[in-house]
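Quick note on numbering: full-length UniProt numbering labels position 151 of the sequence shown as 151, and the sequence is numbered without any gaps.
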Amino acid sequence: MDKEQKSCGSCGESDCSAKKQAPDESTQDFLDRQALHRRMCQVQHKILVLSGKGGVGKSTVAVNMAMSLAMAGKKVGLLDVDVHGPSIPKLLGLEDYRPAIVDESITPILFDNKIKVMSLGFFLPKKDDAVIWRGPLKMSLIKQFLRDVEWGKLDYLVIDSPPGTGDEPLSVAQLVGDASGAVIVTTPQDLAIADVRRSVTFCRQVGVRVLGVIENMSGFVCPTCGTRFDIFKSGGGERMAREMGVPFLGRIPLDPGVVTTSDSGEPFCRKFAGTETAVAFAEAIKPILSLSAEKEAAVRLT
Ligand code: ADP
């Protein structure tokens, strides 16, 4: 191995783990790990968006989080590694796009000239195709999306992770390595809350900081009579966050506008900026937005 290969070339840190080949690591695995490290080093904050189960609005939150960060002037990437239900292309109206692959590098699709987007959905021949992925293939696909996509320098990479606490979110957490943290999305009823407890425990076991819990689909105000209905109950996410000692980021109401914008491929918080629901999204991402400031302050102190 020549001198060039001993350093991944992305930083001058002498104790960087990507500088040393592990005793049980093949040269190919070492070079792969360096390539992944080189790519991820360009990203300041990797944010995992997790949920205990599907259908609670994880992808919707990921899209609106990415859009809100981009609207705040941040350089943002959005990676959809929900291998069994890649819905980001649909949520952004990008279903007919196909990324270019040049010299083994994948060019992300640019949404609104602001967000670099990558999803397995771009590679499925037909949008209704079901993919049966075997374990190792899933792991290698997730690795490819982190390592081989031309993310460039980003302030934030928002990662829409597979639901649950199984092998797939585990692979994501392990491959990303130094995630800034995870946002856990839930709905308020007891059945969903039990799953979120498992997600919090999962984060603790894999050493990922829980940035907070978002309670989605929390309350609905009838547009005709103005009465509030708590269809899936309300407050369960907040209570659970308090009990588990993790931050609560806020409640997003059940809003028919979220469904129509999801179906028409536009992020809600851009189309309906200023509405109660958009303000709730904005409030929920404030602690994520302040991560940049936190990091800058930490760098100034060192
Ligand atoms: P997940 O990623 O958890 O499977 P999605 O983000 O795909 O869930 O959302 C599932 C469905 O719920 C979508 O049709 C989406 O438009 C809808 N949805 C999500 N959040 C809300 C909300 N706050 N109000 C109304 N509908 C919502």
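The C-beta atom is built at its ideal place from N, Cα and C for all residues, glycine as well.
Residues near M1 by beta carbon distance below 6 Å, same chain, minus five either side: With a pLDDT of only 48 at M1, under 50, the local geometry of the prediction cannot be trusted, and the value read off the model is given with reservation. For M1, where only same-chain residues beyond five positions count, there are no Cβ hits under 6 Å.
Exposure of G64, with buried meaning 16 or more beta-carbon neighbours within 10 Å: Before going further, note that residue 64 is Asn rather than Gly in the sequence given. The Cβ neighbour count for N64, taken over all protein chains shown within 10 Å, is at least 16; the residue is labelled buried.
Opening and closing residue of the beta strand (DSSP E) in which L78 lies: For L78, the enclosing beta strand (DSSP E) stretches over residues V76 to D80.
Contact test: G85 Cβ vs ligand 1 heavy atom, cutoff 7 Å: The beta carbon of G85 sits closer than 7 Å to at least one heavy atom of ligand 1.
Where the beta strand (DSSP E) through T186 begins and ends: Its beta strand (DSSP E) spans residues G181 to T186.
L36 vs K116 beta-carbon contact at 8 Å: No. Outside cutoff.
Three-way DSSP call (helix, strand, coil) for D24 in this model: If DSSP states are grouped into helix, strand and coil, D24 belongs with coil.
Residue from P223, E25, G245 and M240 whose Cα sits closest to the Cα of P253: Ranking P223, E25, G245 and M240 by Cα distance to P253 puts P223 first.
C-alpha gap between A282 and A72, whole angstroms: A282 and A72: Cα-Cα distance of roughly 10 Å.
Reduced DSSP category for residue 305 - H, G, I as helix; E, B as strand; rest coil: The question about residue 305 has no answer here: the residues shown for the chain are numbered 1 through 302.
Presumed contact (8 Å Cβ cut-off) between V56 and A192, rounded CB distance: That pair is a contact at about 6 Å.
Identified DSSP bridge partners for N216: DSSP output for N216 lists I252 as bridge partner(s).
Beta-bridge pairing of K46 - partner residues as DSSP gives them: Partner(s): L157.
For R98 and F122, believed in contact at Cβ under 8 Å, the rounded distance: F122 to R98, Cβ: 6 Å. Contact.
Closest residue to L94 among S105, D112, D103 and D82 (Cα-Cα distance): For L94, the nearest C-alpha among the options comes from D112.
Spatially closest choice to S161 from A70, A62, I214 and E238, by CA coordinates: It is A62.
Run of the alpha helix (DSSP H) containing L110, from where it starts to where it stops: If you look at L110, you'll find it isn't in any alpha helix (DSSP H); it sits in the beta strand (DSSP E) that goes I109 to F111.
Proximity below 8 Å, CB of L154 to CB of V208: Contact annotation: L154 and V208 have beta-carbon atoms that are not nearer than 8 Å.
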